[in-house]
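A.B. asks: Our numbering numbers the first residue of the sequence shown as -12 and each following residue consecutively. For each residue, glycine too, the CB sits at the ideal point set by N, CA and C. Since this is a predicted model, take the numbers as computed values, not measurements. Below is a structure I'd like to ask you about.
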Amino acid sequence: MNKKFLAGEKFVSQAYIDSEEKYKKMYAESLDNPDGFWGKIAEEFVWSKKWDSVLSEEDFVEGKVKWFSGAELNITVNCLDRYLEEKGDKMAYIWEGNGSGAEGAGRAEGAEGAEGAEGQEAVIRFTYKQVYEEVCKYGNFLRDFGVKKGDKICFYAPMIPETIFLLLACARIGAIHNVIFGGYSGKSIQERAEDCSARFVVTANEGLRGKKKIPLKEAVDEALSEGCNSVEKVLVIRRTDAEVKMKEGRDVWLDEVVKDEYAGDCEPEIMKAEDPLFILYTSGSTGKPKGVLHTCGGYMVYAATTLKYAFDVKDDDVFWCTADIGWITGHSYIVYGPLLSGTTSVIFEGVLTYPDAGRSWDMVERHKVSIFYTAPTLIRVLQKEGDDFPNGKDLSSLRLLGSVGEPINPDPWLWYYNVVGKGECPVVDTYWQTETGGFVIMPFPAAYPIKPGSAGRPFFGIEPVLLDNEGKEINESEGNGRLMIKRSWPGMMRGVYGNANKFKEKYFSRFPGYYETGDGARRDKDGDFWISGRIDDVLSVAGHRLGTAEIENVLVSHETVVEAAVVGVPDEIKGESIYAFVVMGNPSTSSGPSGSGTSGTSGGSGKSGTIEKELKDYVAEEIGHVAKPSVIRVVSGLPKTRSGKIMRRILKKIVRGESEDLGDISALANPEVLEELV
Ligand code: PRX
-12 MNKKFLAGEK
-2 FVSQAYIDSE
8 EKYKKMYAES
18 LDNPDGFWGK
28 IAEEFVWSKK
38 WDSVLSEEDF
48 VEGKVKWFSG
58 AELNITVNCL
68 DRYLEEKGDK
78 MAYIWEGNGS
88 GAEGAGRAEG
98 AEGAEGAEGQ
108 EAVIRFTYKQ
118 VYEEVCKYGN
128 FLRDFGVKKG
138 DKICFYAPMI
148 PETIFLLLAC
158 ARIGAIHNVI
168 FGGYSGKSIQ
178 ERAEDCSARF
188 VVTANEGLRG
198 KKKIPLKEAV
208 DEALSEGCNS
218 VEKVLVIRRT
228 DAEVKMKEGR
238 DVWLDEVVKD
248 EYAGDCEPEI
258 MKAEDPLFIL
268 YTSGSTGKPK
278 GVLHTCGGYM
288 VYAATTLKYA
298 FDVKDDDVFW
308 CTADIGWITG
318 HSYIVYGPLL
328 SGTTSVIFEG
338 VLTYPDAGRS
348 WDMVERHKVS
358 IFYTAPTLIR
368 VLQKEGDDFP
378 NGKDLSSLRL
388 LGSVGEPINP
398 DPWLWYYNVV
408 GKGECPVVDT
418 YWQTETGGFV
428 IMPFPAAYPI
438 KPGSAGRPFF
448 GIEPVLLDNE
458 GKEINESEGN
468 GRLMIKRSWP
478 GMMRGVYGNA
488 NKFKEKYFSR
498 FPGYYETGDG
508 ARRDKDGDFW
518 ISGRIDDVLS
528 VAGHRLGTAE
538 IENVLVSHET
548 VVEAAVVGVP
558 DEIKGESIYA
568 FVVMGNPSTS
578 SGPSGSGTSG
588 TSGGSGKSGT
598 IEKELKDYVA
608 EEIGHVAKPS
618 VIRVVSGLPK
628 TRSGKIMRRI
638 LKKIVRGESE
648 DLGDISALAN
658 PEVLEELV
């Protein structure tokens, strides 16, 4: 695959970064003079008090990083207030519901109202002024409800306007939001709410995703049934007619408490640049998920600037990021980035394949979407459904296509480019993480040609390096190694919530002096990066990040399992799927250590089939359906070193069908297990 694609003349002629020279010049400046570079960009924002210094990198290696020290601001003033005068009537959000008109109609007071005839999707549009009013209303209410600056509020809520407004209302009054993706279980909510000592939870009676109804409130009830003593109140959004149990004194229907009296301006809480804005939990290679902490000033500047330059966002664009707000992509590029950029963006409640695989293209046509941003796993799903869906719609409004979450292989890249973008829209593959706050490596499409499958070059201020196995920097232009970042940038996480040492320990300790991404990458002679994926024990399943250790810990907590090893296996659609090897300890409930120990795929027969299903469901219950293994394979033993470490390398080879070449197995203490495994 040697083909390269430079954006067409029309795109280049209007692009912010319209030549390689310009990119190189700005990039060099961002590294040579970060204070000057970011200081100038920050001037474009509204601050209550300017900074004493742009960057105070006290000790990067210690994980101590500060941007815009001394400055004060409120991010929502930058999202909303500053646009009221000139752009108050500009559309900020176009929200589209999951399904039929009735589902979306009659909600979100103050909005333009639902449109769409029977059987069509309900659409509600909000101007900047309307979003401002909604956020103020909820901000006033939250304050009255007892929410104070610094309080933590967990969100387990659907992609509906109320959720977005309440998130922004938290930021307005200085409360710290912690969004938990709807695919996680009650147990996971509990873990996260306890970890951050949340005082409040926001949820809905139900969520709607395609044909499914998601019992959100029920999961919250489960989470709060034991523990979570810090949670005082639960705010319940009425998304559907479903009746749910309401606990007296704790649970409150949002529509019963948010009254007209809360309308009117809401004084923004003035935050220090380094005050927390939000916590978002993400999986690592060991132990429990970590609460990644982002702060107000640097995150704001970085989310807005990455969106502006990487996607070349202009005033008349309609931007649609299909992510869920449960992930960082939703935070940076649905909630904050688009409003900070003053653009119009689409929020979609449902799934791209409902009612059929044409939904995205239908929405692109109806809302005249110009920038479409989604994940490779979805591109592959839609590609599989055939070209008729995109070909049947007018997609001429599109001018840029984005991708995120995992490497996008050349075949779906080309389909996206040719069939969706008609060969005219650059495909911008954005590499980044929850920890990075915004894009760190992505191509500038009008500056240099894009190569399908490559994430391009570093964003401004990012200094990526590759380390070899000895931890030495690979300085030749071409190389393959561990992807590290050598200095801080404004959007970088500021810590692991509640654990001051963990930030250093997790990201800076193995290779002092660098931030460790956990990914492997290749750099080619042009300086373009090709991300190969995680090299630690983290999986990316349909773009969702999961720790193998997390899943293993759950499996061994099941009464029948004594040992478990989880590895990722390549999956045509999901990128990777979860393959779990388990050793059973209780022969009465399992196929037993001496059983055939195979059966592998689901639907195995007899007892082993039952226990496999039970274990899959158990993982889904404990962590959430996103973590459900595709395969549970019962074995009598796992390959281990003499010191007892499981040799996952061997298991990975086996699930990839590479048993012929297991590499060096001299460290293997129990070679007899190989016969059964292979
Ligand atoms: O392995 C990389 C992969 O997703 C990880 C980060 O996951 P998360 O924190 O959930 O954030 C996902 C959305 C930003 C990374 O360590 N990843 C993300 N984007 C790409 C990617 N891998 C390859 N190419 C990408 N564009």
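(1) For my contact list, asparagine 85 and glycine 337 are in at a C-beta cut-off of 8 Å; report their separation, rounded to the angstrom.
(2) Please work out which residues of its chain come closer than 7 Å, Cβ to Cβ, to aspartate 381, disregarding the five sequence neighbours upstream and downstream, and give them in chain order.
(3) Using DSSP with H/G/I as helix, E/B as strand and the rest coil, what is glycine 93?
(4) Going by DSSP, what residue range makes up the beta strand (DSSP E) through cysteine 123?
(5) Comparing the CB of serine 564 with every heavy atom of the ligand PRX, is any distance shorter than 7 Å?
(6) What residues in its chain sit with their C-beta under 6 Å from that of arginine 509, if we drop five residues either side in the sequence?
(7) Just checking, does the region 419 to 438 make contact with the region -10 to -1 on the three C-beta pairs under 8 Å criterion?
(8) So is the beta-carbon of proline 394 under 7 Å away from any non-hydrogen atom of the ligand PRX?
(9) Quick one: residues in its chain with C-beta nearer than 8 Å to the C-beta of leucine 195, no 5 flanking neighbours on either side, listed in chain order?
(10) Is lysine 11 helix, strand or coil by DSSP?
(11) Shortest alpha-carbon distance to threonine 547 belongs to which of Met571, Asn127, Ile62?
(12) Is the closest heavy atom of the ligand PRX to the C-beta of valine 391 under 7 Å?
(13) Tell me where the alpha helix (DSSP H) around asparagine 540 begins and ends.
(14) Distance check for aspartate 604 and glycine 271, CA to CA, integer angstroms please.
(15) Please report the distance separating the alpha-carbon of glycine 103 from that of tryptophan 348.
(16) Buried or exposed: isoleucine 224, going by 16 or more other Cβ atoms within 10 Å of its Cβ?
(17) Say yes only if the C-beta of serine 441 is nearer than 7 Å to one or more non-hydrogen atoms of the ligand PRX, and no if none qualify.
(18) Tell me whether valine 300 sits in a helix, a strand or coil according to DSSP, three-state version.
(19) Answer yes or no: do glutamate 209 and glycine 173 have a C-beta to C-beta separation smaller than 8 Å?
(20) DSSP on asparagine 405, reduced to helix/strand/coil?
(21) Between tyrosine 289 and the ligand GDP, is the CB less than 7 Å from at least one heavy atom?
(22) If I measure Cβ to Cβ from cysteine 157 and keep anything under 6 Å in the same chain, skipping five residues before and after, which residues do I get?
(23) Using the Cβ count rule (16 or more neighbours within 10 Å means buried), how would you classify glycine 93?
(24) Would DSSP call glutamate 460 helix, strand or coil?
(25) Spatial neighbours of leucine 339 within its chain, please: C-beta separation below 8 Å, excluding the five flanking residues on both sides.
(26) Is glutamate 411 close to chain B? Criterion is C-beta to C-beta, closer than 8 Å.
(27) Taking DSSP as the reference, what is the three-state secondary structure of isoleucine 366?
(28) Hey, is the region 45 to 58 in contact with the region 252 to 262, meaning 3+ C-beta pairs nearer than 8 Å?
(29) Just to confirm my understanding: we take serine 175, look at its own chain, exclude 5 residues before and 5 after, and list those with CB closer than 6 Å. What are they?
(30) If contact is defined by three or more beta carbon pairs under 8 Å, each pair taking one atom from either stretch, is the region 68 to 78 in contact with the region 107 to 117?
(31) Only counting the same chain, and skipping five residues up and downstream in sequence, which positions put a Cβ closer than 6 Å to that of lysine 491?
(32) Please state the DSSP three-state secondary structure of glutamine 1.
(33) Measure the C-alpha to C-alpha separation of proline 413 and proline 377 and round it to an integer number of angstroms.
(34) So valine 613 packs on valine 528, CB below 8 Å; how close in whole Å?
(35) Rounded to the nearest angstrom, what separates asparagine 657 and glutamate 599 at their Cα positions?
(36) Mind checking whether the beta-carbon of aspartate 416 lies closer than 7 Å to any heavy atom of the ligand PRX?
C.D. replies: According to the structure shown:
(1) As a working note, residue 85 is residue 98 in the sequence shown. As a working note, residue 337 is residue 350 in the sequence shown. At roughly 4 Å, the Cβ-Cβ gap stays under 8 Å, so asparagine 85 and glycine 337 are in contact.
(2) Within the sequence shown, numbered from 1, the residue matching residue 381 stands at position 394. Within the same chain, aspartate 381 has close Cβ partners Glu352.
(3) As a working note, residue 93 is residue 106 in the sequence shown. Caution is warranted here: a pLDDT of 39 is assigned to glycine 93, below 50, making its placement in the model unreliable, and the coordinate value is therefore given only provisionally. Here glycine 93 sits in coil by DSSP.
(4) Sequence index remark: in the sequence shown, residue 123 carries index 136 (1-based). Run containing cysteine 123: none in the beta strand (DSSP E); it sits in the alpha helix (DSSP H), 115 to 131.
(5) The residue you call residue 564 lines up with position 577 of the sequence shown. Remark: the shortest separation between the CB of serine 564 and any heavy atom of the ligand PRX does not fall under 7 Å.
(6) Start at 1 with the first residue of the sequence shown, and residue 509 comes out as number 522. Counting only Cβ-Cβ distances below 6 Å, and skipping sequence neighbours, we find Asn467, Trp517.
(7) Look at the beta carbons and you see the region 419 to 438 touching the region -10 to -1: at least three pairs across the two are nearer than 8 Å.
(8) The sequence position of residue 394 within the sequence shown is 407, counting from 1. Yes, Cβ of proline 394 sits closer than 7 Å to a heavy atom of the ligand PRX.
(9) Here the question's residue 195 lines up with position 208 in the sequence shown. When the five nearest sequence neighbours on each side are left out, the beta carbons in the same chain lying within less than 8 Å of the beta carbon of leucine 195 are those of Gly84, Asn85, Gly86, Glu90, Pro145, Ile201, Arg226, Thr227, Glu336, Gly337, in order along the chain.
(10) The residue labelled residue 11 in the question sits at position 24 within the sequence shown. Helix.
(11) For the purposes of this step, residue 547 is taken as residue 560 along the sequence shown, with counting starting at 1. Restricting attention to Met571, Asn127, Ile62, the CA atom closest to the CA of threonine 547 is found in Met571.
(12) Residue numbering aside, residue 391 sits at position 404 when the sequence shown is read from its first letter. Because some heavy atom of the ligand PRX lies under 7 Å away, the Cβ of valine 391 counts as near it: yes.
(13) Walking along the sequence shown from the start, residue 540 turns up at place 553. Where asparagine 540 is concerned, the enclosing alpha helix (DSSP H) stretches over 535 to 543.
(14) Mapped onto the sequence shown, residue 271 falls at position 284. Mapped onto the sequence shown, residue 604 falls at position 617. Our two residues, glycine 271 and aspartate 604, have alpha carbons roughly 22 Å apart in a direct line.
(15) Sequence index remark: in the sequence shown, residue 103 carries index 116 (1-based). Sequence index remark: in the sequence shown, residue 348 carries index 361 (1-based). Unreliable positioning characterises glycine 103 in this predicted model, as indicated by a pLDDT of 41, which lies under 50. A coordinate reading is not provided.
(16) Position 237 of the sequence shown, counting from 1, holds the residue named residue 224. Counting Cβ neighbours within 10 Å, isoleucine 224 comes out buried, since at least 16 surround it.
(17) The count along the sequence shown starts at 1 and reaches residue 441 at position 454. Not one heavy atom of the ligand PRX lies closer than 7 Å to the C-beta of serine 441.
(18) Here residue 300 refers to the residue found at position 313 when the sequence shown is read from its first residue. Of the three classes helix, strand and coil, the one that applies to valine 300 here is coil, per DSSP.
(19) Position 222 of the sequence shown, counted from the start, is the residue given in the question as residue 209. Position 186 of the sequence shown, counted from the start, is the residue given in the question as residue 173. Cβ atoms of glutamate 209 and glycine 173: closer than 8 Å.
(20) For the purposes of this step, residue 405 is taken as residue 418 along the sequence shown, with counting starting at 1. Correct three-state label for asparagine 405: helix.
(21) Ligands displayed in this structure: the ligand PRX; the ligand GDP is not among them.
(22) Locating residue 157 in the sequence shown gives position 170, counting from the first residue. The answer, listed in chain order, is Ile140, His164.
(23) Position 106 of the sequence shown, counting from 1, holds the residue named residue 93. Only weak support exists for where glycine 93 lies, its pLDDT of 39 falling under 50; the coordinates are left without a value.
(24) Here residue 460 is taken as the residue at index 473 of the sequence shown, counted from 1. Looking at glutamate 460 - three-state DSSP - the assignment turns out to be strand.
(25) Here residue 339 is taken as the residue at index 352 of the sequence shown, counted from 1. Closer than 8 Å at the Cβ level, and outside the excluded window around leucine 339, lie Thr309, Arg346, Ser347, Thr361, Leu365, Val368, Leu369.
(26) Given the protein chain composition of this structure (a single chain), no chain B is represented.
(27) As a working note, residue 366 is residue 379 in the sequence shown. Here isoleucine 366 carries a helix assignment [DSSP, helix/strand/coil].
(28) Cβ pair count under 8 Å is three or more, so yes.
(29) Here residue 175 is taken as the residue at index 188 of the sequence shown, counted from 1. The residues are Ile610, Gly611.
(30) As far as the Cβ criterion goes, the region 107 to 117 touches the region 68 to 78, which means the pair count is three or higher.
(31) For this step, residue 491 is matched to residue 504 along the sequence shown. So the qualifying residues of the chain are Glu49, Gly50.
(32) To locate residue 1, count along the sequence shown from 1; it is residue 14. Helix.
(33) What you label residue 413 is simply residue 426 of the sequence shown in a count that begins at 1. What you label residue 377 is simply residue 390 of the sequence shown in a count that begins at 1. Rounded to the nearest whole angstrom, the C-alpha separation of proline 413 and proline 377 is 17 Å.
(34) Position 626 of the sequence shown, counted from the first residue, corresponds to residue 613. Position 541 of the sequence shown, counted from the first residue, corresponds to residue 528. Contact check for valine 613 and valine 528: beta-carbon distance about 7 Å, within the 8 Å limit, so the pair qualifies.
(35) If you number the sequence shown from 1, residue 657 lands on position 670. If you number the sequence shown from 1, residue 599 lands on position 612. Spanning the two alpha carbons is a distance of roughly 25 Å.
(36) As a first step, residue 416 must be located in the sequence shown, where it is residue number 429. True, at least one ligand heavy atom lies under 7 Å from that Cβ.
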